[in-house]
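Engineer: Using this note's numbering, count along the sequence shown one by one with no gaps and you end on 282. Yeah, the Cβ is synthetic: ideal placement off N, Cα and C, and Gly gets one too.
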Amino acid sequence: MTNVASSSDKTPSFEKTWGSSTSSGYCSEEEPDSEFEQYFTARTSFFPQTRKANVNANVKQDEQIEWGKQELNTADYQQKVKEYNAQINSNLFMNMNKDGSYTGFIKVQFKLVRPVSVPPPKKGGHDARGRKASGVKRRTSFYLPKDASKHLHISSRTSAREVIEALLKKFTVVDNPGKFALFERSERHDQVYIRKVSDDERPLRLRLCAGPNEKVLSFVLKENETGEVNWHAFSMPELKNFLLILQREEEEHVKQIVQRYALARTKMREALAGSTPG
Numbered sequence: 005m006t007n008v009a010s011s012s013d014k015t016p017s018f019e020k021t022w023g024s025s026t027s028s029g030y031c032s033e034e035e036p037d038s039e040f041e042q043y044f045t046a047r048t049s050f051f052p053q054t055r056k057a058n059v060n061a062n063v064k065q066d067e068q069i070e071w072g073k074q075e076l077n078t079a080d081y082q083q084k085v086k087e088y089n090a091q092i093n094s095n096l097f098m099n100m101n102k103d104g105s106y107t108g109f110i111k112v113q114f115k116l117v118r119p120v121s122v123p124p125p126k127k128g129g130h131d132a133r134g135r136k137a138s139g140v141k142r143r144t145s146f147y148l149p150k151d152a153s154k155h156l157h158i159s160s161r162t163s164a165r166e167v168i169e170a171l172l173k174k175f176t177v178v179d180n181p182g183k184f185a186l187f188e189r190s191e192r193h194d195q196v197y198i199r200k201v202s203d204d205e206r207p208l209r210l211r212l213c214a215g216p217n218e219k220v221l222s223f224v225l226k227e228n229e230t231g232e233v234n235w236h237a238f239s240m241p242e243l244k245n246f247l248l249i250l251q252r253e254e255e256e257h258v259k260q261i262v263q264r265y266a267l268a269r270t271k272m273r274e275a276l277a278g279s280t281p282g
């Protein structure tokens, strides 16, 4: 990517900062006549559990943040970069370039509820479990650890869409970038505000204008939810696996209902047997 680079036009630098030791649920299962993905994970359901309406009552969606609309000239940016660097206690500084652009780091937190797919191991290589790869077509999918995060070195000209593509490329994720969206999160007056960042917005500019405080502004990568799931964005193997997962969930749910009613029936019979007529 030409935009995700420093002033020296070198490959962008990334720093992995895993925020959790949770297992990723890594898997790579072979099936001789298909490309079905098998997901092995600690999750009990493919879809997130239904939440009560009042659980996230303090989270507001699509709150417009004014700092993204500030009109600044080159001198303003130079002053803001100087002020920004004076507030941080790490080496993640921002640097001005001669052409008026600047480079710096943004931290992106992953909040994904679905697994991501990576390419199968190359022929003659080994898969995630150390087994020698064969010629059988297969896909490898895993859940990213909860609250995993990544520092990304970008330019002030890097768009939100390019940030998403860079993150997926770094993790060798082969899913369609259109499945994901970048969100900005802020905390104000004991409330959390979430806003979807449009594809052409510049995340580093938002970071600079907001300052380094993560509570004032942080970035989150989530599934690109638009109300209804865009099933056409998924590949045929993915869709078939979703049906398999849903079938297993349905069977498990039916099993639990049958067991619950059987237990209730047994308790009622015991109560009837122990009761005295009249």
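Output yes or no for whether 7 Å exceeds the beta carbon distance between residue 144 and residue 124.
Structural biologist: The residue labelled residue 144 in the question sits at position 140 within the sequence shown. The residue labelled residue 124 in the question sits at position 120 within the sequence shown. Result yes, Cβ atoms of residue 144 and residue 124 sit closer than 7 Å.
Engineer: Output needed for residue 59: all residues of its chain with C-beta closer than 7 Å, excluding positions within five of it in sequence on either side, in chain order.
Structural biologist: Here residue 59 is taken as the residue at index 55 of the sequence shown, counted from 1. Interpretation of residue 59 is limited by its pLDDT of 43, a score under 50 that renders its predicted location unreliable; the figure taken from the coordinates is listed afterwards. Counting only Cβ-Cβ distances below 7 Å, and skipping sequence neighbours, we find nothing.
Engineer: Please state whether the Cβ-Cβ distance between residue 165 and residue 203 is less than 7 Å.
Structural biologist: Locating residue 165 in the sequence shown gives position 161, where the first residue counts as 1. Locating residue 203 in the sequence shown gives position 199, where the first residue counts as 1. Going by C-beta atoms, residue 165 is nearer than 7 Å to residue 203.
Engineer: Leaving out the 5 sequence neighbours to the left and right, which residues in its chain are closer than 7 Å to residue 80 when beta-carbon positions are compared?
Structural biologist: Within the sequence shown, residue 80 is the residue found at index 76, counting from 1. Correct list: empty, nothing qualifies.
Engineer: Would you decide whether residue 176 is buried or exposed? Buried here means 16 or more other CB atoms lie within 10 Å of its CB.
Structural biologist: Taking the first residue of the sequence shown as 1, we reach residue 176 at position 172. Residue 176 comes out exposed.
Engineer: State the DSSP-derived secondary structure class of residue 236, mapped to helix, strand or coil.
Structural biologist: Your numbering for residue 236 matches position 232 in the sequence shown. Residue state, collapsed to three classes: helix.
Engineer: If residue 183 sits next to residue 228, beta carbons under 8 Å apart, how far is it from one beta carbon to the other, in whole angstroms?
Structural biologist: Mapped onto the sequence shown, residue 183 falls at position 179. Mapped onto the sequence shown, residue 228 falls at position 224. Confirmed, Cβ separation roughly 6 Å.
Engineer: Report the rounded CA-to-CA distance for residue 272 versus residue 198, giving the unit in angstroms.
Structural biologist: Position 268 of the sequence shown, counted from the start, is the residue given in the question as residue 272. Position 194 of the sequence shown, counted from the start, is the residue given in the question as residue 198. Residue 272 and residue 198 have their C-alpha atoms spaced approximately 50 Å apart.
Engineer: How is residue 257 classed by DSSP in three states: helix, strand or coil?
Structural biologist: Your numbering for residue 257 matches position 253 in the sequence shown. Three-state result, residue 257: helix.
Engineer: Can you tell me whether DSSP reads residue 102 as helix, strand or coil?
Structural biologist: Along the sequence shown, one-based indexing puts residue 102 at 98. Here residue 102 sits in coil by DSSP.
Engineer: What does a CB cutoff of less than 7 Å around residue 105 pick up in its chain, not counting 5 residues either side in sequence?
Structural biologist: Against the sequence shown, residue 105 aligns to sequence position 101. Answer for residue 105: 159, 160 and 161, listed in chain order.
Engineer: Along the chain, where does the beta strand (DSSP E) containing residue 122 start, and where does it finish?
Structural biologist: Taking the first residue of the sequence shown as position 1, residue 122 is located at position 118. Element bounds for residue 122: 120-122.
Engineer: Quick check: what's the CA-CA separation for residue 34 versus residue 257?
Structural biologist: Indexing the sequence shown from 1 puts residue 34 at position 30. Indexing the sequence shown from 1 puts residue 257 at position 253. Residue placement at residue 34 is flagged as unreliable, the pLDDT there being 40, under the threshold of 50; a coordinate-derived value is accordingly withheld.
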